[in-house]
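Here this note's numbering is used: the first residue of the sequence shown is 482, the next is one more, and so on.
Ideal Cβ placement from N, Cα and C applies to all residues, glycine included.
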Amino acid sequence: MSRARGAEAGLVAVAAVWGLTFVMVKDAIEELPTMAFLGYRFVPAAILVALVFRRPLASLSADGWRAGLLMGAFLTAGYVFQTVGLEETSPSNAGFITGLFVVITPLLATLVLRERIERIAWAAAGVSALGLFLLSGAGEVNARGDGLVLLAAIAFAAHILVTARAVGSHDVGALLVVQLGVAGLFCLAVAGAMGDLETPRGSTVWSALVVTSLVASAIGFFIQTYAQQHAPPARTALIILAIVAVEVVPRLRPALPVPGA
Numbered sequence: 482m483s484r485a486r487g488a489e490a491g492l493v494a495v496a497a498v499w500g501l502t503f504v505m506v507k508d509a510i511e512e513l514p515t516m517a518f519l520g521y522r523f524v525p526a527a528i529l530v531a532l533v534f535r536r537p538l539a540s541l542s543a544d545g546w547r548a549g550l551l552m553g554a555f556l557t558a559g560y561v562f563q564t565v566g567l568e569e570t571s572p573s574n575a576g577f578i579t580g581l582f583v584v585i586t587p588l589l590a591t592l593v594l595r596e597r598i599e600r601i602a603w604a605a606a607g608v609s610a611l612g613l614f615l616l617s618g619a620g621e622v623n624a625r626g627d628g629l630v631l632l633a634a635i636a637f638a639a640h641i642l643v644t645a646r647a648v649g650s651h652d653v654g655a656l657l658v659v660q661l662g663v664a665g666l667f668c669l670a671v672a673g674a675m676g677d678l679e680t681p682r683g684s685t686v687w688s689a690l691v692v693t694s695l696v697a698s699a700i701g702f703f704i705q706t707y708a709q710q711h712a713p714p715a716r717t718a719l720i721i722l723a724i725v726a727v728e729v730v731p732r733l734r735p736a737l738p739v740p741g742a
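Right, here's the structure in full:
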């Protein structure tokens with residue numbers, strides 16, 4: 482198996498895990514404030530990855546830190562905009578709009594990075610977006626809520642693109658520590674400012690935190706970051722959307738399929 486095919490297989494596995502954990506996350510945030518949950522999820526994941534990759538992290542260059550911070554900023558923005566937007570728009574609208582990252586990724590690559598995207602990639606992105614629309618049953622427009630979720634889709638697409646650029650020059654593990662740390666610390670700070678920091682209670686919350694922190698975040702984002710050394714950004718977005726949508730949307734129509742759920 483070539484490295485490119487191996488990378489794609491890894492992305493399929495990661496997207497499958499994200500799809501399977503979505504139900505756990507949905508149940509957990511009904512018992513724990515969302516920003517607190519995200520903080521408790523990402524900070525332990527960052528600490529765990531930092532212990533494993535402490536040497537590459539210690540030698541990460543200034544450019545590497547900037548790349549990791551940018552990756553973390555876009556990852557955090559995606560989660561925050563999506564969460565706030567979902568409070569005002571319908572889950573079906575949010576699911577469809579978030580899924581538009583599969584189209585936005587090649588668009589940003591063309592407009593911002595001046596990359597040439599093959600026609601087959603554009604066609605696949607368009608068909609995927611249409612399929613997600615039909616599956617999600619997106620309905621009445623909510624300008625503010627839908628606009629916020631659109632910003633989340635743009636952020637997720639940008640995260641894929643900046644990751645693709647960064648992994649060619651810097652250690653994957655070190656980059657992962659930085660981006661997870663940014664997401665976790667920001668979410669904890671917001672939760673603290675909102676007075677939403679509270680001790681996790683109950684098996685539903687704790688099991689979701691353990692699985693999403695260890696598997697979906699520490700391992701999942703490592704595989705995504707590593708895989709992007711070999712898989713083009715547009716194809717990465719397509720694989721993630723396809724697997725998550727197939728797993729999540731038919732089972733939880735009112736739920737929201739997200740990258741890295």
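Task: the stretch 655 to 668 contacting the stretch 503 to 512, beta-carbon criterion three pairs below 8 Å - done: no
Task: Segment contact, 8 Å Cβ cut-off, at least three pairs: the stretch 514 to 525 with the stretch 629 to 646 - done: no
Task: L513, enclosing alpha helix (DSSP H) - first and last residue - done: For the purposes of this step, residue 513 is taken as residue 32 along the sequence shown, with counting starting at 1. Note, L513: premise wrong, no alpha helix (DSSP H); not H, not E.
Task: Close beta carbons around S698, own chain, < 7 Å, minus the five adjacent residues each side - done: Position 217 of the sequence shown, counted from the start, is the residue given in the question as residue 698. So the qualifying residues of the chain are R522, F523, A526, L661.
Open item on the list: Is it buried or exposed, L532, if we count other Cβ atoms within 10 angstroms and call 16 or more buried?
Closed with: The sequence position of residue 532 within the sequence shown is 51, counting from 1. Label assigned to L532: exposed.
Open item on the list: Output needed for D677: all residues of its chain with C-beta closer than 7 Å, excluding positions within five of it in sequence on either side, in chain order.
Closed with: Counting from 1 along the sequence shown, the entry for residue 677 is found at position 196. Same-chain partners within the cutoff: P514, M516, A517.
Open item on the list: Does the CB of L556 have a neighbour CB from chain D at under 8 Å?
Closed with: Absent from the structure: chain D. Only one protein chain is present.
Task: Closest by C-alpha distance to D627, when choosing among Y707, L695, F577, F555 - done: The count along the sequence shown starts at 1 and reaches residue 627 at position 146. It is F577 whose Cα lies nearest to the Cα of D627.
Open item on the list: Taking only three categories from DSSP, how would you classify R646?
Closed with: As a working note, residue 646 is residue 165 in the sequence shown. Reduced to three states, the DSSP call for R646 is helix.
Task: CB contact flag (A674, G566, <8 Å) - done: If you number the sequence shown from 1, residue 674 lands on position 193. If you number the sequence shown from 1, residue 566 lands on position 85. No.
Open item on the list: Taking a contact to mean a Cβ-Cβ separation below 8 Å, would you say V659 touches G553 in this structure?
Closed with: By one-based count along the sequence shown, residue 659 stands at place 178. By one-based count along the sequence shown, residue 553 stands at place 72. Contact flag set, yes.
Task: CB contact flag (P714, T557, <8 Å) - done: In the sequence shown, the residue the question calls residue 714 occupies position 233. In the sequence shown, the residue the question calls residue 557 occupies position 76. For P714 and T557, no; Cβs fall outside 8 Å.
- [ ] Determine the contact status of H651 and G545, defining contact as a CB-CB distance below 8 Å.
- [x] Counted from its first residue, the sequence shown places residue 651 at position 170. Counted from its first residue, the sequence shown places residue 545 at position 64. Yes.
Open item on the list: For a quick check, are the C-beta atoms of L492 and I700 less than 8 Å apart?
Closed with: In the sequence shown, counting from the first residue as 1, residue 492 sits at position 11. In the sequence shown, counting from the first residue as 1, residue 700 sits at position 219. Going by C-beta atoms, L492 is not nearer than 8 Å to I700.
- [ ] Sort V495, A494, I510 by Cα distance to S688 and report the nearest one.
- [x] Numbered from its first residue, the sequence shown carries residue 688 at position 207. The shortest Cα separation from S688 among V495, A494, I510 belongs to I510.
TODO: May I ask which residues mark the beginning and end of the alpha helix (DSSP H) holding P681?
DONE: Start at 1 with the first residue of the sequence shown, and residue 681 comes out as number 200. Careful: P681 lies outside any alpha helix (DSSP H) and carries neither H nor E.
- [ ] Pull up the CB-CB distance for T502 and V686, whole angstroms please, since I reckon it's below 8 Å.
- [x] Reading the sequence shown from its first residue, position 21 is the one you call residue 502. Reading the sequence shown from its first residue, position 205 is the one you call residue 686. The pair is not a contact, with the Cβ atoms about 13 Å apart (cut-off 8 Å).
Open item on the list: What residue range does the alpha helix (DSSP H) around V565 cover?
Closed with: Within the sequence shown, the letter at position 84 stands for residue 565. Boundaries of the alpha helix (DSSP H) around V565: 543 to 567.
- [ ] With a 10 Å radius around its C-beta and 16 neighbouring C-beta atoms as the bar for buried, classify G559 as buried or exposed.
- [x] Residue numbering aside, residue 559 sits at position 78 when the sequence shown is read from its first letter. Buried: at least 16 other Cβ atoms inside 10 Å.
- [ ] Would you tell me roughly how many angstroms separate the C-alpha atoms of E679 and E512, rounded to the nearest one?
- [x] Translated into positions along the sequence shown, residue 679 becomes position 198. Translated into positions along the sequence shown, residue 512 becomes position 31. Going by the C-alpha atoms only, they are around 11 Å apart.
Open item on the list: Quick check on DSSP: helix, strand or coil for P713?
Closed with: Position 232 of the sequence shown, counted from the start, is the residue given in the question as residue 713. DSSP places P713 in coil when its eight states are reduced to three.
Task: Distance between A624 and V496 (C-alpha atoms, nearest Å) - done: Walking along the sequence shown from the start, residue 496 turns up at place 15. Walking along the sequence shown from the start, residue 624 turns up at place 143. Per the sequence shown, the amino acid found at residue 496 is Ala instead of Val. Approximately 29 Å, taken between the alpha carbons.
TODO: Enumerate in chain order the residues of its own chain whose CB-to-CB distance from L629 is below 6 Å, with the five nearest sequence positions on each side excluded.
DONE: Along the sequence shown, read from residue 1 onward, the residue named residue 629 stands at position 148. Apart from sequence neighbours up to five positions away, the residues of its chain that approach L629 with a beta-carbon distance below 6 Å are F562, V565, G566, ordered along the chain.
Task: Rounded Cβ spacing between F703 and V648 (contact assumed at less than 8 Å) - done: Along the sequence shown, one-based indexing puts residue 703 at 222. Along the sequence shown, one-based indexing puts residue 648 at 167. About 11 Å; that fails the 8 Å criterion.
Task: For A497, three-class secondary structure by DSSP - done: The residue labelled residue 497 in the question sits at position 16 within the sequence shown. In the structure shown, A497 sits in a helix (DSSP, three-state: H, G or I).
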